[in-house]
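A short write-up of the structure that comes next.
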Amino acid sequence: MMDEGIVIPTVMFLSIAVVTIVYFYFKARTRADTQQTIRLALEKGTELSPEFIKRLGDKEPPKDRDLRRGVIFLALAFGLVLIGFAVPEPEALRGLLAGASLPFSIGLAFLLMYWYGDKKE
Numbered sequence: 080m081m082d083e084g085i086v087i088p089t090v091m092f093l094s095i096a097v098v099t100i101v102y103f104y105f106k107a108r109t110r111a112d113t114q115q116t117i118r119l120a121l122e123k124g125t126e127l128s129p130e131f132i133k134r135l136g137d138k139e140p141p142k143d144r145d146l147r148r149g150v151i152f153l154a155l156a157f158g159l160v161l162i163g164f165a166v167p168e169p170e171a172l173r174g175l176l177a178g179a180s181l182p183f184s185i186g187l188a189f190l191l192m193y194w195y196g197d198k199k200e
């Protein structure tokens, strides 16, 4: 029988890899389907307007994307801190505070980019 100390981290990292691969696979497939649609329309002699091609292409990111990402990372950091206080072990609090510092810093950076970034309309 396999040791739990090996199986659990292995499954975690494999899960992250599978999710990442599936995401990029479907993104590439969507892009290929879009190109196929444009190719078929051009072969049939249909004239495609620039607005239509722009709608078929990649969507522009929302203007508040940095704000949303910043709030999500700050919430993740806050959750890690709460878990640290919920565990009675003093070393767990220190470890979770250290672990919360990375998502906190990333969330703060996203919020700063939102507030001070380029506000093109």
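My numbering puts the sequence shown at residues 80 to 200. Just so you know, even glycine gets a beta-carbon here, dropped at the ideal spot from N, CA and C. Remember, predicted model here, so these are calculated numbers, not experimental data.
Can you name, in chain order, every residue of its own chain whose Cβ lies under 8 Å from the Cβ of G178, other than the five neighbours on each side? L159
Rounded to a whole number of angstroms, what is the C-alpha to C-alpha distance between L191 and D143? 12 Å
Please check the pair L175 and I162, which I expect to be a contact at CB under 8 Å, by giving their CB distance rounded to whole angstroms. 6 Å
Could you tell me the boundaries of the alpha helix (DSSP H) in which P88 lies? E83 to E122
Which of the three DSSP states, helix, strand or coil, is assigned to V166? Of the three classes helix, strand and coil, the one that applies to V166 here is coil, per DSSP.
Quick one: using the 10 Å Cβ neighbour count with 16 as the cut-off for buried, is F189 buried or exposed? buried
Distance CB(P182)-CB(A156) smaller than 9 Å: Yes; because the gap between Cβ atoms is below 9 Å, this pair is in contact.
Could you check which residue in L187, R148, Q114 and G149 has the C-alpha nearest to that of K133? Minimum Cα distance to K133 is reached at Q114.
Between D145 and G196, how many whole angstroms is the CB-CB distance? I'm expecting something under 8 Å. Contact flag correct, Cβ pair sits at about 7 Å.
Other residues of its chain near F105: CB distance less than 8 Å, five sequence neighbours each side excluded: None.
Would you report the Cα separation of S94 and I100, rounded to the nearest angstrom? 10 Å
Taking all protein chains shown into account, decide if G124 is buried (16 or more other Cβ within 10 angstroms of its Cβ) or exposed. exposed
Do L153 and L187 have their beta-carbon atoms positioned less than 9 Å apart in this structure? In this structure, L153 lies closer than 9 Å to L187 by Cβ.
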